[in-house]
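Numbering (my numbering), first residue to last: 2 to 161.
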């Protein structure tokens, strides 16, 4: 039975990385699902309180990194609050349109059009559009690194 649970844990960890390309999949919840399976179905005594507190902190950091990266770059290049909101929505929509390219292309185009409607400045609109791509990539890299840290920490705590 342990083989089945470990397989499910691995699938959830892989799914957490798929969630970076398809933001509709809650990446961090998939990781926590793997932790919960281990805690409640394999070994309830192995993971320390320090592990759980650290994972909670890293979860907050993942969420903050994603929001801050996108918001930072859109603001840095003069984007509006509307563009920030449009970028977030377009990222989710884009993950289903022309995957995996839609996740970059749809937010870029949506913000480009939004900024052009608001400011009537093509140059600024293009800059803010590219800023959404940079923000998404920056947030994604941060999420990948933090998720890897969480998974490696789990493996070290659970196995070693």
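Glycine is no exception: its CB is placed at the ideal position from the N, C-alpha and C atoms.
Would residue i and residue j qualify as a contact pair, given that the criterion is a beta-carbon distance under 8 Å?
i, j, result
"residue 133", "residue 88", "yes"
"residue 27", "residue 20", "yes"
"residue 47", "residue 143", "no"
"residue 147", "residue 62", "yes"
"residue 55", "residue 154", "yes"
"residue 25", "residue 96", "yes"
"residue 13", "residue 32", "yes"
"residue 139", "residue 109", "no"
"residue 81", "residue 118", "no"
Which term fits residue i, buried or exposed, when burial requires 16 or more other beta carbons within 10 angstroms of its beta carbon?
i, result
"residue 124", "exposed"
"residue 86", "exposed"
"residue 102", "exposed"
"residue 156", "exposed"
"residue 113", "buried"
"residue 151", "buried"
"residue 45", "exposed"
"residue 11", "exposed"
"residue 115", "buried"
"residue 37", "exposed"
"residue 83", "exposed"
"residue 64", "exposed"
Below 8 Å CB to CB, which residues in the same chain sit around residue i once its five sequence neighbours on both sides are set aside?
i, result
"residue 136", "70, 71, 72, 73, 74, 75, 88"
"residue 122", "116"
In three-state DSSP terms, what is residue i?
i, result
"residue 142", "helix"
"residue 45", "coil"
"residue 84", "helix"
"residue 121", "coil"
"residue 36", "helix"
"residue 96", "coil"
"residue 79", "coil"
"residue 2", "coil"
"residue 24", "coil"
"residue 101", "coil"
"residue 11", "helix"
Spatial neighbours of residue i within its chain, please: CB distance less than 7 Å, with the 5 preceding and 5 following residues excluded, ordered by chain position.
i, result
"residue 68", "none"
"residue 127", "113"
"residue 77", "132"
Could you tell me if the beta carbon of residue i falls within a distance shorter than 7 Å of some heavy atom in the ligand FMN?
i, result
"residue 102", "This structure lacks the ligand FMN, and indeed carries no ligand of any kind."
Taking 8 Å as the threshold (beta carbon to beta carbon), is residue i in contact with chain B?
i, result
"residue 26", "Among the protein chains of the structure shown there is no chain B, as only one such chain exists."
Tell me which residues share the same chain as residue i and place their Cβ nearer than 6 Å to its Cβ, disregarding the 5 neighbours each side in the sequence.
i, result
"residue 91", "107, 108, 111"
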